[in-house]
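Protein chains in written order, with the numbering used here: chain U, 116 to 463; chain V, 116 to 463. Notes follow once the structure below has been shown.
There are 2 protein chains.
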Amino acid sequence: MAQSRATIPVSEAAAPFYAGVDVGGTNIKVGVVDDQGRPMSWLSIATHVERGPDDAIGRMRDAVAKAIDQSGVPREKIARVGLGSPGTMDIEKGILLTPGNLPGWWHYPIRDRLAQACGMSVTFANDARSATFGEFWVGSGRVFHSMVLFTLGTGVGGGIIIGDLLVTGEHSAGSELGHIIIDYNDDARVCSCQQRGHLEAYASATSVVKRAHEALAGGRASSLADRMAAGEELTALMIDQEAEKNDPLATEIVLETARYLGIGIVTAMHSVDPQGIVIGGAMTFGEHETATGRKFLARIKEEVARRAFPELAEQTKIDFASLGGDAGFIGAAGLARRDFIQQIGKAK
Amino acid sequence: MAQSRATIPVSEAAAPFYAGVDVGGTNIKVGVVDDQGRPMSWLSIATHVERGPDDAIGRMRDAVAKAIDQSGVPREKIARVGLGSPGTMDIEKGILLTPGNLPGWWHYPIRDRLAQACGMSVTFANDARSATFGEFWVGSGRVFHSMVLFTLGTGVGGGIIIGDLLVTGEHSAGSELGHIIIDYNDDARVCSCQQRGHLEAYASATSVVKRAHEALAGGRASSLADRMAAGEELTALMIDQEAEKNDPLATEIVLETARYLGIGIVTAMHSVDPQGIVIGGAMTFGEHETATGRKFLARIKEEVARRAFPELAEQTKIDFASLGGDAGFIGAAGLARRDFIQQIGKAK
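Following this line, the structure appears as structure tokens:
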């Protein structure tokens, strides 16, 4: 994954400014972004899910205050806050519903509590859709007016932008692309949501690790087995590293994952036919920077070329995301900016 | 399928008026529609694909003139013409690309030729998306501002409306829902487009007939076999009729088709999360009007309840289309109206 971007000083920045908050199951990333999507400061704090949401809100407020201080922007120049969080959620009401990654936070009115704590209006979004908006605004997708993002991590998230608009859905469940069905059969793999055949059951880090375990249990030789014998835990990162050293099993698993993702991409292309497809998240196998990342992308494109309508396969751009782990807070800030602009009636 | 709707006289109609042309591989349906989407006249002519597109354009022009005459609307009150046609196509350029159902018409500039022939501006759209717009405007979808339509016939077509906008896609291939992948495996069924595992290979009339042939060849007893022995050709309509008489094989095939369609619907729900799903096209097994149609819809809903996020399964409405074979020309007229309104700057 790309490193966090350099921040810019207030003297080079364009007003107004926005704070973005990206809540994850492990960490919360907070940053201040200028009107052109350039980060001016950022910091990361532990989520401490187990301490409950009220405790986290207090620490988010402090983190936002600290990020504002670090940015050098006077607090009154911060126009609005954006908040991205794992779902499920009710965007309109601003509440979490039953997010699997945030046990104990269910049905919590997170948007209004953060707004109260910060004394600012808050725009609320799903984490994957925040990241999508970030890539669309200032990342790999900035050249597109329609795009689909797949974000690969523990799960698979998604985001769809059509005609410059982010598809939230009628029940806050638009763009849940990890849960499109790529295998309807009764023996298909089981997803984290307990359903069978979902893309996430094939293209997530969880699936990558599971498939490696299965292959090793089936007797496949691999340098993965050596590292596990030395006491290491099998992870998607380890598979990436061993693929980079040309371990055949690790390489096979990476390419298989590309194939599955390519299948999901074809369904997205035949549904919304976007200008571009962007692939982000923590598990992108080194992106452009390693041979494994390049093989991963090439295999995705090969599967799309094999399965999509030829004119779409030729014309639709497929590339990695470019904001790395910053996409979430930048995108949340971008959504805050979108709402602020709509509010004051100013054009984009 | 619902019968063609009654037409209304010009004395009850609301100006301005639009002509809609719905081109199919066998027939072309032409009608005049008022500003509220009510048909005032319609007629059907043979396509005669083999005579080539120039010949068809001449007959479309005559059919439009006749429909206008029959409607009682003075010709100068017709604001615009809408044209729906099978793809593939390039909407922006107004040309057909390589439509499988229209051999000999490839790369034909159908929009501008019809405009020239009729002396009016023409709005050009894919046939399934025209039908979607018709259902959205004045059919089953009129209560929705976002919906997904699946149209079941020889193939499976689709249409997606989000925030009152029809998703055309960047390469005129948006909403090609017959070609989403529901089975990525190498032994998946082959689609009319030669790819494997597409929804169309499971939920089209073509697939229904093929699966019945397979079951009969496998030795299954069925009243279908008796009718074939009497010299009839096996069709989806025959399967519908025998299911209505409780033939077990015919019933099984209808319910299996519902299951496959339900799987495609879940992928659409988890992608765009619409308010409603509408099912139309020639093969809807009698819709609400027969026991088979009601069983078909119930089985679709059962599969969706089993596989979709519970809150979506509960809240997303699923129903049959209501315009029958008129959806295409009404929707084409509706798209012409949309463009006319945009042109003159009048709000909806």
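Cβ coordinates follow ideal geometry from the N, Cα and C atoms, glycine included.
C-alpha distance - residue i paired with residue j, whole-angstrom precision
i      : j      : result
V/L267 : U/F251 : 35 Å
V/I456 : U/N300 : 47 Å
V/S186 : V/E329 : 48 Å
U/L211 : V/R414 : 32 Å
V/A232 : V/V188 : 19 Å
U/G333 : U/E357 : 19 Å
V/G449 : V/I206 : 16 Å
U/K463 : U/R326 : Model confidence at U/K463 stands at a pLDDT of 41, short of 50, so the residue's coordinates are unreliable; what they give is reported in the following sentence. Whole-angstrom Cα-Cα distance: 46 Å.
U/G219 : U/G446 : 26 Å
U/T141 : U/L292 : 22 Å
V/G401 : V/T350 : 14 Å
U/A420 : U/A428 : 5 Å
U/E404 : U/L352 : 14 Å
V/H286 : U/G146 : 37 Å
V/D184 : V/A230 : 18 Å
U/S337 : U/S307 : 27 Å
V/G152 : V/F259 : 16 Å
U/G377 : U/I172 : 39 Å
V/A423 : V/A182 : 45 Å
V/M116 : V/D170 : The predicted model places V/M116 with a pLDDT of 38, which falls under 50 and marks its position as unreliable; any figure quoted below should be read in that light. Distance between the alpha carbons of V/M116 and V/D170 is about 30 Å.
V/R335 : V/A345 : 17 Å
V/H294 : V/A288 : 10 Å
U/G395 : V/F444 : 42 Å
V/K416 : V/I433 : 7 Å
V/V381 : V/D341 : 37 Å
U/R174 : U/A451 : 20 Å
U/Y317 : U/V369 : 11 Å
V/P214 : U/H222 : 50 Å
V/I160 : U/F411 : 52 Å
V/I296 : U/Y375 : 11 Å
Proximal chain V residues relative to residue i, where beta-carbon distance stays under 8 Å
i      : result
U/A288 : M384, H385, D388, F424, E426 and L427
U/N300 : D298 and N300
U/G278 : L280
U/L292 : H385 and S386
Selection from the options that minimises the alpha carbon distance to residue i
i      : options                           : result
U/T431 : U/L264, U/T283, U/G346 and U/G197 : U/L264
U/G270 : U/E418, U/V381, U/A397 and U/I277 : U/A397
U/T203 : U/V369, U/A428, U/I225 and U/A171 : U/I225
V/V136 : V/E348, V/A130 and V/A178         : V/A178
U/G197 : U/P168, U/W221 and U/G249         : U/G249
V/L281 : V/H294, V/D298, V/I296 and V/M262 : V/M262
V/H385 : U/K192, U/S290, U/T162 and U/V164 : U/S290
U/G199 : U/A134, U/G173 and U/R190         : U/A134
V/A436 : V/G312, V/G273, V/F424 and V/L364 : V/G273
U/L499 : U/H163, U/K208 and U/A180         : For chain U, the structure presents residues 116 to 463; residue 499 of chain U sits outside this window and is missing.
U/E348 : U/E367, U/N361 and U/V324         : U/V324
U/L364 : U/R228, U/D227, U/T407 and U/R190 : U/T407
Beta-carbon separation (whole angstroms), residue i vs residue j, contact threshold 8 Å
i      : j      : result
U/R195 : U/D454 : 6 Å
V/I354 : V/L339 : 7 Å
V/L438 : V/G139 : Actually they are not in contact, since the Cβ atoms of V/L438 and V/G139 sit about 15 Å apart, beyond 8 Å.
U/I193 : U/M235 : 7 Å
V/R228 : V/T283 : 21 Å between Cβ atoms; not a contact.
Neighbour-count burial assignment, residue i, 16 or more Cβ in a 10 Å radius
i      : result
U/V393 : buried
U/D149 : buried
V/I459 : exposed
U/A303 : buried
V/P124 : exposed
U/E315 : buried
V/Q310 : buried
U/E127 : exposed
V/D298 : buried
U/D388 : buried
U/P425 : exposed
V/E418 : buried
V/D441 : buried
V/A129 : exposed
U/P201 : buried
V/Q118 : Caution applies to V/Q118, whose pLDDT of 44 falls short of 50 and renders its modelled position unreliable; the model cannot decide the point.
V/K144 : buried
Interface residues of chain U facing residue i [CB-CB closer than 7 Å]
i      : result
V/G284 : V387 and D388
V/E371 : Residues of chain U passing the Cβ test: none, with the nearest at roughly 11 Å.
V/S261 : E285
Per-residue contacts from residue i into chain V (C-beta, under 7 Å)
i      : result
U/Q310 : R422
U/E347 : Under the 7 Å cutoff, chain V gives no residues; its nearest Cβ is about 32 Å from U/E347.
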